[in-house]
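Working notes, structure below.
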Amino acid sequence: MTKLYNKSSCVVVILTFNSVEIIRETVTQALKVSHNIFVVDSGSTDGTIEILYELGCHVAKREFLGYSSQRNWAINQVKEFSWQLHLDADEVLDELGISQINLALQEMSPHNAYMIKRRDYFMGKMLRFSGLNPWHLRLFKTGFVCCENRLYDQHFVSDGSVGRLKGFMHDKNCLTLTEWVRRHNHWSTLEAQEILNECADRPGILRARFWGDARERTRFFKKIYYKLPNTLRSFLYFFYRYFIALGFLDGATGFYFIFFQALWFRMLVDAKYREILDLKN
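Numbering-wise, the sequence shown is residues 22 to 302 according to the working numbering.
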């Protein structure tokens, strides 16, 4: 097992599971930020571990109990570093993003955390108009951020000011369509359960605010979305993302992505939510 060494003030944390097709590219770019790469792997069997060792990463193996659990556990394992940059296995930083992160690390930062845009990919193609919120908080000072305790759609929550960085994390989704559907079927169950938890007063949850940051504003509109009539809201969501948010400009791939995301996935969430309510009654 490669040991972490603190020659910089930042550690890059990456979550992996059978990521052999993309992990080399992700780590290669991350190494331009820091040579301290801490990977939490959930039982890869496809050669991912061998590539990580080859690239000099520190690998910790931990059973996957959920994204919130995995991310918060990882945060607590690297407290000796002043800054942490968290990535998924398929999130590849571009050169502008790398330079912006390095600049933030070198300066006396006025912020405790930074958001960077994520660019979505589907069926091997980049989407310019996915209609999803692109901003994700991933760079932060140790001790100021945790991952919110949600079953699905988790974000990092900062205790302090949050800045923005230029550049992109390219979410180079390498899943086959069959695997994408399988995972979203599972996530639809978690989202349906999460709807029931929305009324609960839970600490450490991202606020839903119209005047907040992009993530908080998205959460605000999501609350409105779930107040709309069941099933109809899925069609309205498709119309917004495909026509108003210009998803049609991404061609056939854009149509498939928004169809599966807005109609199939969201309608599946609605159906499972209704099923849960029926079982409770």
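We treat Cβ as the ideally placed atom computed from N, Cα and C, and that holds for glycine.
Backbone CA spacing between residue i and residue j [nearest angstrom]
i: His176; j: Lys293; result: 23 Å
i: Leu124; j: Tyr88; result: 29 Å
i: Gly225; j: Lys244; result: 18 Å
i: Phe242; j: Tyr74; result: 43 Å
i: Ala235; j: Gly184; result: 12 Å
i: Ala266; j: Ile279; result: 11 Å
i: Ile44; j: Glu169; result: 25 Å
i: His258; j: Trp104; result: At residue 258 the sequence reads Tyr, which differs from the His that was named. In a straight line, the C-alpha of Tyr258 is about 37 Å away from that of Trp104.
i: Ser4; j: Leu249; result: The structure shown does not extend to residue 4, since the chain spans only 22 to 302, so no value can be given for it.
i: Asp306; j: Leu52; result: The question about residue 306 has no answer, for the chain in this structure spans 22 to 302.
i: Trp232; j: Thr66; result: 45 Å
i: Glu128; j: Ser120; result: 12 Å
i: Gly145; j: Thr274; result: 9 Å
i: Cys167; j: Ser179; result: 7 Å
i: Asn57; j: Arg230; result: 36 Å
i: Lys335; j: Trp208; result: Only positions 22 to 302 of the chain appear in the structure, and residue 335 is not among them; the question remains open.
i: Leu36; j: Gly272; result: 31 Å
i: Trp156; j: Arg287; result: 21 Å
i: Arg159; j: Glu219; result: 24 Å
i: Pro131; j: Lys301; result: 49 Å
Residues near residue i by beta carbon distance below 8 Å, same chain, minus five either side
i: Asn194; result: Asp111, Asp141, Tyr142, Phe143, Trp201
i: Met147; result: Arg140, Asp141, His191
i: Arg204; result: Leu196
i: Phe85; result: Phe38, Ser63, Gly64, Gln91
i: Phe276; result: Tyr263, Gly268, Phe269
i: Ile72; result: Val41, Ile44, Arg45, Val48
i: Val54; result: Cys31, Val33, Leu106, Leu114, Ile119, Ile122, Asn123, Leu126
i: Val295; result: Correcting the residue identity first, residue 295 is Arg in this sequence and not Val. So the qualifying residues of the chain are Asn251.
i: Thr210; result: Lys293
Cβ neighbours of residue i in the same chain (closer than 6 Å, five flanking residues each side left out)
i: Phe189; result: Asp115, Gly118, Lys138, Arg140
i: Lys187; result: Leu117, Gln121
i: Ser151; result: Asp141
i: Val113; result: Glu46, Thr47, Gln50, His191, Lys193
i: Tyr246; result: Arg254
i: Gln1; result: The structure shown has nothing for residue 1, since the chain only spans 22 to 302.
i: Tyr261; result: none
i: Glu212; result: Tyr173, Val290
i: Gly181; result: Asn133, Phe165
CB-CB length for residue i against residue j, believed under 8 Å
i: Ile297; j: Leu172; result: Actually they do not touch by this definition, with Cβ atoms about 13 Å apart.
i: Glu237; j: Leu227; result: 6 Å
i: Arg92; j: His107; result: 7 Å
i: Val41; j: Thr69; result: 5 Å
i: Thr199; j: Phe102; result: No, Thr199 and Phe102 are not in contact; Cβ-Cβ is about 39 Å, not under 8 Å.
i: Leu284; j: Asn206; result: Rounded, the Cβ-Cβ distance is 14 Å, inconsistent with contact.
Cutoff 7 Å; reference residue i; Cβ partners in own chain excluding five residues on either side
i: Asp291; result: Asn251, Thr252, Ser255
i: Thr239; result: Asn154
i: Ile96; result: Gln105, Cys167
Touching or not, the segment 52-64 and the segment 133-146, by the rule of three or more beta carbon pairs under 8 Å? With a cut-off of 8 Å, the segment 133-146 and the segment 52-64 do not count as touching, because too few Cβ pairs lie within range.
With a threshold of 8 Å, are at least 3 pairs of Cβ atoms found where one atom belongs to the segment 76-84 and the other to the segment 46-55? When C-beta atoms of the segment 76-84 are compared with those of the segment 46-55, three or more pairs fall below 8 Å, so the two segments count as touching.
Contiguous beta strand (DSSP E) assignments of at least 3 residues, all confined to the segment 107-144: Within the segment 107-144, the complete beta strand (DSSP E) runs of at least 3 residues fall at 112-114, 134-143.
Mind pulling the alpha helix (DSSP H) runs of 4 or more residues that sit fully within the segment 39-113? Whole alpha helix (DSSP H) segments, 4+ residues: 44-51, 69-75, 88-98.
In chain order, which alpha helix (DSSP H) runs of at least 4 residues are fully inside the segment 225-285? Every alpha helix (DSSP H) of 4 residues or more that sits fully in the segment 225-285 is shown, in chain order, as 235-246, 253-260, 272-279.
Can you give, in chain order, each stretch of the beta strand (DSSP E) that sits fully within the segment 159-203 and has at least 3 residues? Along the segment 159-203, the beta strand (DSSP E) occurs as fully enclosed runs of 3 or more residues at 166-168, 177-179, 183-192, listed in sequence order.
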